[in-house]
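Asks: Got a structure for you, written out below as structure tokens; questions coming shortly.
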Amino acid sequence: MKRKAYQIEHSIDFTPRQWEEICAFSFEPFDIGEGEALTRGQWLAVAQMALGKSLMLGEGRYDLGDEDDKDNEQWADELREIADIILAKFEPGDGNL
Numbered sequence: 092m093k094r095k096a097y098q099i100e101h102s103i104d105f106t107p108r109q110w111e112e113i114c115a116f117s118f119e120p121f122d123i124g125e126g127e128a129l130t131r132g133q134w135l136a137v138a139q140m141a142l143g144k145s146l147m148l149g150e151g152r153y154d155l156g157d158e159d160d161k162d163n164e165q166w167a168d169e170l171r172e173i174a175d176i177i178l179a180k181f182e183p184g185d186g187n188l
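Put into structure tokens, the structure is as follows:
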């Protein structure tokens with residue numbers, strides 16, 4: 092049976108650390124495994140989650156109470172990098188469904 096365009100899965104290369112972050116976005120029934128291929132829509136959802144989490148980090152919402160928030164900006168940068176990689180692969184009108 093032929094897959095519909097929106098069902099086509101795409102693989103994107105990420106570092107193990109980036110995959111750890113991506114897998115942390117999993118929720119029932121959207122379970123992401125390391126190295127897993129996802130559909131365009133799923134990848135775009137991951138990009139939006141990464142951008143949202145980076146924004147929340149900047150607002151101090153991930154304060155662990157250790158008074159050491161110096162690494163939050165680096166963490167936010169890593170999340171934005173994940174989103175940038177995904178958004179570079181899927182641009183409007185690219186036909187990459």
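Final position of the sequence shown in this note's numbering is 188; the numbers increase by one with none missing. Every residue, glycine too, gets a C-beta built ideally from N, C-alpha and C.
#1: So, is ALA138 buried or exposed, given that buried needs 16 or more other C-beta atoms within 10 angstroms?
#2: Can you name the residues that DSSP bridges to THR130?
#3: If you draw a straight line from the alpha carbon of GLY124 to that of CYS114, how long is it in whole angstroms?
#4: Which residues bound the alpha helix (DSSP H) around ASP175?
#5: Considering only the alpha carbon of each residue, which of LYS180, GLU182, PRO183, GLY143 lies closest to TRP166?
#6: Looking only at its chain, what residues have a beta carbon closer than 6 Å to the beta carbon of GLN109, apart from the 5 residues adjacent to it on each side?
#7: Tell me which residues share the same chain as TRP134 and place their Cβ nearer than 8 Å to its Cβ, disregarding the 5 neighbours each side in the sequence.
Replies: Per the coordinate set shown:
#1: By 1-based counting over the sequence shown, the position of residue 138 is 47. Per the 10 Å Cβ criterion, buried.
#2: Along the sequence shown, one-based indexing puts residue 130 at 39. Beta-bridge pairing links THR130 to GLU100.
#3: Along the sequence shown, read from residue 1 onward, the residue named residue 124 stands at position 33. Along the sequence shown, read from residue 1 onward, the residue named residue 114 stands at position 23. Looking at the two C-alpha atoms, the distance is approximately 6 Å.
#4: By 1-based counting over the sequence shown, the position of residue 175 is 84. Where ASP175 is concerned, the enclosing alpha helix (DSSP H) stretches over 163 to 180.
#5: As a working note, residue 166 is residue 75 in the sequence shown. Of the listed residues, the one whose Cα sits closest to TRP166 is GLY143.
#6: Here residue 109 refers to the residue found at position 18 when the sequence shown is read from its first residue. For GLN109, where only same-chain residues beyond five positions count, the Cβ hits under 6 Å are ILE173.
#7: Along the sequence shown, one-based indexing puts residue 134 at 43. Cβ neighbours of TRP134 beyond the five flanking positions: HIS101, ILE103, ILE177, LYS180, PHE181.
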